[in-house]
Amino acid sequence: MSGDALPAARETLRRRGEDPHRLGHRAHGREAVAGTGRGGSGPASKRIVVGYGFWIFLLSDVILFACFFATFAVQRDATAGGPTMRALVDMPRVAAETGALLLSSYACGLSYAAANARNKLWTQVLLVLTGLLGLAFVAMELQEFVGLAGRGIVPQRSGFLTAFFGLVGLHGLHVTLGGVWLATMVAQVQFKGFRPEIMHRLTCFNLFWHALDIVWIGIFSIVYLMGASA
Amino acid sequence: MFGKLTWSAIPFDQPIPLITSIVLILVILGVLALVTVRGWWGMLWREWITSVDHKRIGIMYGLLGVVMLVRGFADAVMMRSQQAFAVGAHRGYLAPEHYDQIFSAHGTIMIFFAAMPLVIGFMNFVTPLQLGVRDVAFPTLNSVSFWLTASGALLVNISLFVGEFARTGWLPYPPLSESAYSPGVGVDYYLWAIQISGIGTLMTGINFVTTVLKLRCPGMSYLRMPMFCWTTLASSLLIVAVFPILSATLAMLSLDRVFGWHYFTSDAGGNPMMFMNLIWAWGHPEVYILVLPAFGIFSEVFSTFSGKPLFGYRSMVAATLFICIVAMMTWLHHFFTMGSGPAVNTAFGISTSVIAVGTGVKIYNWIFTMYGGRVRMTVPMLWSLGFIFTFVIGGMTGVLLAVPPADFLVHNSMFLVAHFHNVIVGGVVFALFAGLDYWFPKAFGFRLHEGWGKAAFWLAFIGFWVTFVPLYWLGMLGMTRRLQHVWIPEWGPLLDWSLAGVAILVAGAAAQVIMLVVSIRQRDRRRDTTGDPWDGRSLEWATPSPPPFFNFAQLPDVEGEEAYWTIKLRALESQRLDPEPHYQAVEMPVNSAVGFFTAFFATVTGFSLIWHIWWLAGLGLLGAFVGFVFFAWRDVHEFHVPAEEVARADRARRAARTALLGERGAEAAAS
Ligand code: HEM
Ligand SMILES: [Cu+2]
Numbered sequence: 000m001s002g003d004a005l006p007a008a009r010e011t012l013r014r015r016g017e018d019p020h021r022l023g024h025r026a027h028g029r030e031a032v033a034g035t036g037r038g039g040s041g042p043a044s045k046r047i048v049v050g051y052g053f054w055i056f057l058l059s060d061v062i063l064f065a066c067f068f069a070t071f072a073v074q075r076d077a078t079a080g081g082p083t084m085r086a087l088v089d090m091p092r093v094a095a096e097t098g099a100l101l102l103s104s105y106a107c108g109l110s111y112a113a114a115n116a117r118n119k120l121w122t123q124v125l126l127v128l129t130g131l132l133g134l135a136f137v138a139m140e141l142q143e144f145v146g147l148a149g150r151g152i153v154p155q156r157s158g159f160l161t162a163f164f165g166l167v168g169l170h171g172l173h174v175t176l177g178g179v180w181l182a183t184m185v186a187q188v189q190f191k192g193f194r195p196e197i198m199h200r201l202t203c204f205n206l207f208w209h210a211l212d213i214v215w216i217g218i219f220s221i222v223y224l225m226g227a228s229a
Numbered sequence: 000m001f002g003k004l005t006w007s008a009i010p011f012d013q014p015i016p017l018i019t020s021i022v023l024i025l026v027i028l029g030v031l032a033l034v035t036v037r038g039w040w041g042m043l044w045r046e047w048i049t050s051v052d053h054k055r056i057g058i059m060y061g062l063l064g065v066v067m068l069v070r071g072f073a074d075a076v077m078m079r080s081q082q083a084f085a086v087g088a089h090r091g092y093l094a095p096e097h098y099d100q101i102f103s104a105h106g107t108i109m110i111f112f113a114a115m116p117l118v119i120g121f122m123n124f125v126t127p128l129q130l131g132v133r134d135v136a137f138p139t140l141n142s143v144s145f146w147l148t149a150s151g152a153l154l155v156n157i158s159l160f161v162g163e164f165a166r167t168g169w170l171p172y173p174p175l176s177e178s179a180y181s182p183g184v185g186v187d188y189y190l191w192a193i194q195i196s197g198i199g200t201l202m203t204g205i206n207f208v209t210t211v212l213k214l215r216c217p218g219m220s221y222l223r224m225p226m227f228c229w230t231t232l233a234s235s236l237l238i239v240a241v242f243p244i245l246s247a248t249l250a251m252l253s254l255d256r257v258f259g260w261h262y263f264t265s266d267a268g269g270n271p272m273m274f275m276n277l278i279w280a281w282g283h284p285e286v287y288i289l290v291l292p293a294f295g296i297f298s299e300v301f302s303t304f305s306g307k308p309l310f311g312y313r314s315m316v317a318a319t320l321f322i323c324i325v326a327m328m329t330w331l332h333h334f335f336t337m338g339s340g341p342a343v344n345t346a347f348g349i350s351t352s353v354i355a356v357g358t359g360v361k362i363y364n365w366i367f368t369m370y371g372g373r374v375r376m377t378v379p380m381l382w383s384l385g386f387i388f389t390f391v392i393g394g395m396t397g398v399l400l401a402v403p404p405a406d407f408l409v410h411n412s413m414f415l416v417a418h419f420h421n422v423i424v425g426g427v428v429f430a431l432f433a434g435l436d437y438w439f440p441k442a443f444g445f446r447l448h449e450g451w452g453k454a455a456f457w458l459a460f461i462g463f464w465v466t467f468v469p470l471y472w473l474g475m476l477g478m479t480r481r482l483q484h485v486w487i488p489e490w491g492p493l494l495d496w497s498l499a500g501v502a503i504l505v506a507g508a509a510a511q512v513i514m515l516v517v518s519i520r521q522r523d524r525r526r527d528t529t530g531d532p533w534d535g536r537s538l539e540w541a542t543p544s545p546p547p548f549f550n551f552a553q554l555p556d557v558e559g560e561e562a563y564w565t566i567k568l569r570a571l572e573s574q575r576l577d578p579e580p581h582y583q584a585v586e587m588p589v590n591s592a593v594g595f596f597t598a599f600f601a602t603v604t605g606f607s608l609i610w611h612i613w614w615l616a617g618l619g620l621l622g623a624f625v626g627f628v629f630f631a632w633r634d635v636h637e638f639h640v641p642a643e644e645v646a647r648a649d650r651a652r653r654a655a656r657t658a659l660l661g662e663r664g665a666e667a668a669a670s
């Protein structure tokens, strides 16, 4: 290979003397901290990468919900002469739903502690309990919807009801899909044990389940509490 | 049984779509036959379809994007010729309902299935190499993303033959897009195609945010990352922030259409303006999702071919992040005329103009990068210079549109059409061609033909201006967009000029094809044996061309910005490479068919939802679920590349590098 490959690199070496301070070209960045995937210490561990990626996903999911919250805020009063939020709220039922979901989250957290202690029996028991409480939540919500439909309160009635069923329904759908995921997690823990990738998935599932709780708190306050008092 | 699907969905009575579809089907059958005859199926399946290698996935994205670019360009040629012919008493050759489908398909395909896949393709191919790592954060998910995008593209193209496409433009504004006014399946094709590919894009965003933030080689701190990695990060952050809005909006419109809900209807408390706000809260950031990586490509090109570090690197990073944030605060400029009132319009007019400041910083930085450098006028450099000229003008017409009173005059006119093509073609498409020429040797191991590349540039550059200057003019004269027929004969000549420009663009496209054919035939002469054909500065040029599937035998240890440049200068000065590392086995993810199967079931589900074949949709979802569980059940996720294989590959690379150091280095290598 002749000397005319790498023209720019050779030129730079030749001209170095002209720019001793390497203006606009000083090294940036502080020293790296090893093992964190931060500050350039090399790729992070698989566990950190998986957890981090899942957090990013959750943020995007929160934005999805934010859109439905926004439509609810916009269409709250677009009742088209139909029922208002006040006519919808059945406080005791909503309280029961909230209780079921929060307890389910609690059970989920305990199951994660059990998994960290590598206790299969308790992990499974608590995961199943998580699922049953989630199921109770979904069942109560479905019953609520069916009851409303019986009174002619359906999304087709008005913009407001569309936004209401859309927001609450989206959350219910998330809980349902989370339940399906939970069922496969139980099976995986049963047959595969606490292998690293199963632990990663349990971490993600926990994050998901707790995030759904947080969203529900938003729905509970903004849709139901504020609706009942409006 | 088959929902709304009947034989009448096939356009037997419309020659244009019918013939196009038949030709398309024949081409596809021909390709399939060729693959079968040559016995390539096994290779295709193992090395491409199930591949989770970011470089292969990047190349597949590129291929998809190029094919769709051609399809979209064919639509453009039809629209321009229809408008040139259908003036006054003449009717042209496209019926209104057909013309409406063409402009809708053109915009949809160009943005979602040409520009996006090409941009994401570059992100895939380049980013991990520049970061000095072996793959993205979630390789299998990456494959799922690609195949979902392909599934969306397939659905749009099926609409050509089965049913119809939307007539509502690339953003289906309600109430027109509601079932009351668009009862056919066109809008449903749009909705499900974009919904499916949008989910793929969202996962790409998540993947690349995680990759850039968590997977960098040792020493690669944030402010040492190449500019392209920064723009990948910014673009991916925008994807994560706004693609959920797109999903939500399209889901709402689907609920309206399928179940008669009232999100955006004009009766019963529905609110069409809510759609405008939601869709543009996604739509404006979307243009920056496209153009930020394009800026990244130009940054790499300017710095490499000026032989200088990027001028004002830190201000470039700041400008990128500034644009990333402000991009989310300007959406209302798309509907100044829809009654938000002077106060709101003023606020958004200002925020829109402010974005130009960030872009201006970048333009100056690129110019100063060239200043004092020894500029090499290669093909990528030509595209980049053409970009500066074109984009500055497109940006200025954009700032003009950002002034609400001025916008009232030219909103939804041909002026607007000229503006956004000015920035999308001059910004994104030019960048894609620059990047193609720049990274092609890295991907395929040989350089593209310079002469034909330059011809392609000049034809595209001139053709672009001849096409779109008349459109600016027509917009000023008052011609609105999306006209299937033009009543005013004085507009005829300008429309003819525009058509002439398209002819030049067709010649440019032909030059690109010839460039590819000639280069492929001369590939043995054009081989890049060094891995560093352009005298580059970032880590992708430290690998051989094409790179081994594990990219780096040993992850580089970065000591400053311009990682590879530092290594190269040291080697050149001492006429010796850094000492040979102690090679170790490398762990790589195994191939996976989950992406392909997910996309298969997504296509089936999407198609059945479009035609209301509910049982099949259920079956499709079930299939996808079973596929996921099957995937989750795998026991083997990784395989080991033995240390000897790694060593063999890297010693070959080192030999080529040593030869590159110059005569003295070559002698040392020989002895
Ligand atoms: C360079 C060749 C191109 C030509 C000649 C061309 C021409 C046109 C024409 C005539 C229209 C419709 C005008 C009308 O509605 O009356 C249009 C719309 C549009 N084009 Fe292009 N185009 C080209 C390339 C592109 C590219 C590369 C992109 C994107 C990456 C793009 C994105 C769009 C979009 C988003 C619309 C709006 C569609 C709508 O109205 O819904 N075009 N183009
Ligand atoms: Cu905009």
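The listed protein sequences derive, respectively, from chains A and B. With the first letter of the first sequence counted as 1, position 84 gets the number 83 in numbering that gives the first Met the number 0; the numbers rise by one all the way through. With the first letter of the second sequence counted as 1, position 599 gets the number 598 in numbering that gives the first Met the number 0; the numbers rise by one all the way through. Beta carbons: idealized from backbone N, C-alpha and C, even for Gly.
- For B/F160, the three-state secondary structure derived from DSSP is coil.
- Separation of the CB atoms of B/Y563 and B/S544 is rounded to 14 Å, and the pair is thereby denied contact status at 8 Å.
- For the 7 Å CB-CB criterion, B/T148 and B/S103 do not form a contact.
- For A/R9, the residues of chain B that pass the 9 Å Cβ criterion are D534, L571, G661, in the order they occur in the chain.
- Distances from the alpha-carbon of B/F638 to those of B/V585, B/I609, B/G594 put B/V585 closest.
- Between B/I296 and B/A430, the CB-CB gap stays under 7 Å.
- For A/S110, DSSP assigns no beta-bridge partner whatsoever.
- Against chain A, the CB of B/M273 has a partner CB under 7 Å away; the residue lies at that interface.
- B/L458 places its beta carbon 7 Å or farther from that of B/A417.
- Here B/I487 is exposed. Its C-beta has fewer than 16 other C-beta atoms within 10 Å.
- Around the beta-carbon of B/M42, fewer than 16 other beta-carbon atoms lie within 10 Å, marking it exposed.
- Legend: CB atoms of the stretch 70 to 83 of chain A lying less than 7 Å from CB atoms of chain B belong to residues T70, V73, Q74, A77, T78, A79.
- For B/V485, the secondary structure class from DSSP, reduced to helix, strand or coil, is strand.
- In this structure B/Q81 is not in contact with B/G71, their Cβ atoms being roughly 16 Å apart against a cut-off of 8 Å.
- Within the same chain, Cβ atoms closer than 6 Å to the Cβ of B/G434 are found at F121, I296, the five residues on either side in sequence being excluded.
- Taking a C-beta distance under 7 Å as the contact criterion, B/S144 and B/M59 do not qualify as a contact pair.
- For B/I612 and A/I216, the gap between their C-alpha atoms comes out near 37 Å.
- Restricted to the stretch 161 to 213 of chain B, the alpha helix (DSSP H) segments that are unbroken, complete and at least 4 residues in length are 185 to 213, listed in chain order.
- The Cβ atoms of B/Y582 and B/A655 do not sit closer than 7 Å to each other.
- Relative to ligand 2, B/H283 has its C-beta within less than 6 Å of a heavy atom.
- Counted as a single uninterrupted DSSP element, the stretch harbouring B/V589 is not any beta strand (DSSP E), since DSSP gives it neither H nor E.
- B/P217 sits in a strand when the DSSP states are folded into three classes.
- With contacts defined by Cβ atoms closer than 7 Å, B/T565 and B/E572 do not form a contacting pair.
- For a Cβ distance threshold of 9 Å, nothing in chain A lies close to B/P543: the least Cβ distance comes to about 15 Å.
- Going by DSSP, B/H333 is part of no alpha helix (DSSP H) at all; its letter is neither H nor E.
- Under the 7 Å criterion on CB atoms, A/G50 is classed as non-interfacial with respect to chain B.
- In the three-state scheme derived from DSSP, where H, G and I count as helix and E and B as strand, B/T479 is classed as strand.
- Closest option to B/L515, judged by alpha-carbon separation, among B/M219, B/G450, B/T529: B/G450.
- Along the stretch 36 to 116 of chain A, the alpha helix (DSSP H) occurs as fully enclosed runs of 4 or more residues at 45 to 74, 84 to 87, 90 to 115, listed in sequence order.
- For B/W146, the closest alpha carbon among the candidates B/S181, B/A240, B/W47 is that of B/W47.
- Within its own chain, the residues whose Cβ lies closer than 6 Å to the Cβ of B/A8, once the five positions on either side in sequence are excluded, are V161, G162, listed in chain order.
- Contact between B/H283 and B/H333 holds, with the beta-carbon distance rounding to 7 Å and staying under 8 Å.
- Closest by C-alpha distance to B/S220, out of B/L660, B/E561, B/F335, B/V290, is B/E561.
- Taking the beta carbon of A/F159 as reference, the chain B residues within 8 Å of it are G268, listed in sequence order.
- Fewer than three Cβ pairs drawn from the stretch 120 to 135 of chain A and the stretch 50 to 62 of chain A lie within less than 8 Å of each other, which leaves the two stretches out of contact.
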